[in-house]
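Asker: Residue numbers (the numbering used here): 3 to 122.
We put the beta carbon where it would ideally sit given N, CA and C, even for glycine.
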């Protein structure tokens, strides 16, 4: 596994960056945007990989939506220190795609989510 544009989001070796579907913006202290990777990987194993890798990198899982069929997207949502990451996984004819979108969390809402979870 390796890190690319986002220094705290691990990517599986089997996945390669799709430059036509990747938009990264680097600013002071934060990298945001959409990183799209593709490869011959099973959707379920990819979901398992990201759940485990994100947890190891101190991301908190907020939601997980596993599609009942390969024809619709499965979505994972994570939050960490003022940022939110949404990973959408789609199986195509040849490749499985993972679109990783990272953006700053909304002002008070993101902090409240983390605080509420930590209190439980």
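Go ahead and label residue 86 buried or exposed: buried means 16 or more other beta carbons lie within 10 angstroms of its beta carbon, across all protein chains shown.
Answerer: Per the 10 Å Cβ criterion, buried.
Asker: Taking Cβ positions, are residue 79 and residue 65 nearer each other than 8 Å?
Answerer: Closer than 8 Å, so yes.
Asker: How is the alpha helix (DSSP H) around residue 123 delimited, first residue to last?
Answerer: It is not possible to answer for residue 123, since the shown part of the chain is limited to 3 through 122.
Asker: Which residues does DSSP pair with residue 99 in a beta bridge?
Answerer: Per DSSP, 40, 92.
Asker: Let me check understanding here. Comparing Cα to Cα, which of 23, 73, 105, 7 lies closest to residue 81?
Answerer: Comparing Cα positions, the closest option is 105.
Asker: Return the chain-ordered list of same chain residues with a C-beta closer than 7 Å to the C-beta of residue 45, the five sequence neighbours on each side being excluded.
Answerer: Closer than 7 Å at Cβ, skipping near neighbours: 72, 76, 91, 93, 98.
Asker: Take residue 63 and list the residues in its own chain whose beta-carbon comes closer than 6 Å to its own, dropping the five residues that flank it on each side.
Answerer: Excluding positions up to five away in sequence, the list reads 80.
Asker: Using 8 Å as the limit for Cβ to Cβ distance, is residue 83 near chain B?
Answerer: Among the chains of the structure shown, chain B does not appear; only one protein chain is present.
Asker: Do residue 50 and residue 38 have their C-beta atoms closer together than 8 Å?
Answerer: In this structure, residue 38 does not lie closer than 8 Å to residue 50 by Cβ.
Asker: Give every residue of the same chain whose Cβ lies closer than 6 Å to the Cβ of residue 35, excluding the five residues on either side of it in the sequence, and list them in chain order.
Answerer: Result list for residue 35: 25, 26, 27, in chain order.
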